[in-house]
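Quick notes on the structure that follows.
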């Protein structure tokens with residue numbers, strides 16, 4: 005089965021392919037012309053917008069995720085604006101660490117909402133995954149991407165960037181959501 009994974013982020017596609025490695029599903033990038041306007045107010049809404057747009061340009065079943073970092077002390081921010089919090093990944097990390105300097109409460113969670121649509125763009129399944137932890141005072145680790153170097157995974161003492169790809173995929177927000185989608189697909 006071939007499914008369009010609605011992203012322009014090669015790191016996300018690589019993760020998805022690794023997590024789904026034992027299935028007969030082939031995830032491919034969206035067709036040219038894929039340019040969703042993410043104007044939803046939740047991860048779920050933005051995920052649906054991206055999946056629907058991917059189906060429109062490809063005419064194929066499509067899966068999209070919208071994910072981000074939600075920090076308690078920032079009232080859930082940066083949330084849906086995680087990728088737009090600053091201009092580059094390093095500037096986003098720096099801004100987050102600077103903003104959290106006065107706070108003792110550094111609890112946070114990664115959230116991933118996934119939406120699967122048919123070739124016409126009709127929603128057929130959705131799932132949400134979360135990974136809880138806290139924000140480190142400084143970055144550590146070389147794996148992963150985005151906020152991984154400053155996100156300490158609950159009960160691990162390690163940042164997401166210090167985990168192996170396998171360890172990360174087992175506990176990550178994206179891994180949890182995708183396993184729900186895969187379970188649904190296998191039931192068809």
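Numbering (our numbering), first residue to last: 5 to 192. Backbone N, C-alpha and C define an ideal beta-carbon position, used for all residues, glycine too. Computed from a prediction, not measured in an experiment: that's the story for all the values here.
Query - Endpoints, the alpha helix (DSSP H) within which residue 174 is located - result: Translated into positions along the chain shown, residue 174 becomes position 170. Taken as a continuous stretch (DSSP letters only), the alpha helix (DSSP H) holding residue 174 covers 169 to 175.
Query raised in the report: Within 10 angstroms of its Cβ, does residue 12 collect 16 or more other Cβ (buried), or is it exposed?
Result: Here residue 12 is taken as the residue at index 8 of the chain shown, counted from 1. Flag for residue 12 reads exposed.
Query raised in the report: Tell me which same chain residues have a C-beta within less than 8 Å of the C-beta of residue 168, skipping the five on either side of it?
Result: Indexing the chain shown from 1 puts residue 168 at position 164. For residue 168, where only same-chain residues beyond five positions count, the Cβ hits under 8 Å are 147.
Report task. Keeping to the same chain, check which residues put their C-beta closer than 8 Å to that of residue 185; ignore five residues upstream and five downstream. Result -> In the chain shown, the residue the question calls residue 185 occupies position 181. Result list for residue 185: 67, 118, 120, 129 and 131, in chain order.
Query raised in the report: What is the DSSP secondary structure of residue 164, reduced to helix, strand or coil?
Result: Counting from one through the chain shown, the residue named residue 164 turns up at place 160. Here residue 164 sits in helix by DSSP.
Query raised in the report: Would you say residue 143 and residue 154 are within 8 Å of each other, going by their C-beta atoms?
Result: Here the question's residue 143 lines up with position 139 in the chain shown. Here the question's residue 154 lines up with position 150 in the chain shown. It is a contact, given that the beta carbons lie within the stated cut-off.
Query - the segment 66 to 81 in contact with the segment 43 to 56 per 3-pair CB rule at 8 Å - result: yes
**Report entry** Between the CA atoms of residue 116 and residue 133 - distance to the nearest angstrom
**Finding:** Looking up residue 133 in the chain shown gives position 129. Looking up residue 116 in the chain shown gives position 112. So the two alpha carbons sit approximately 5 Å from each other.
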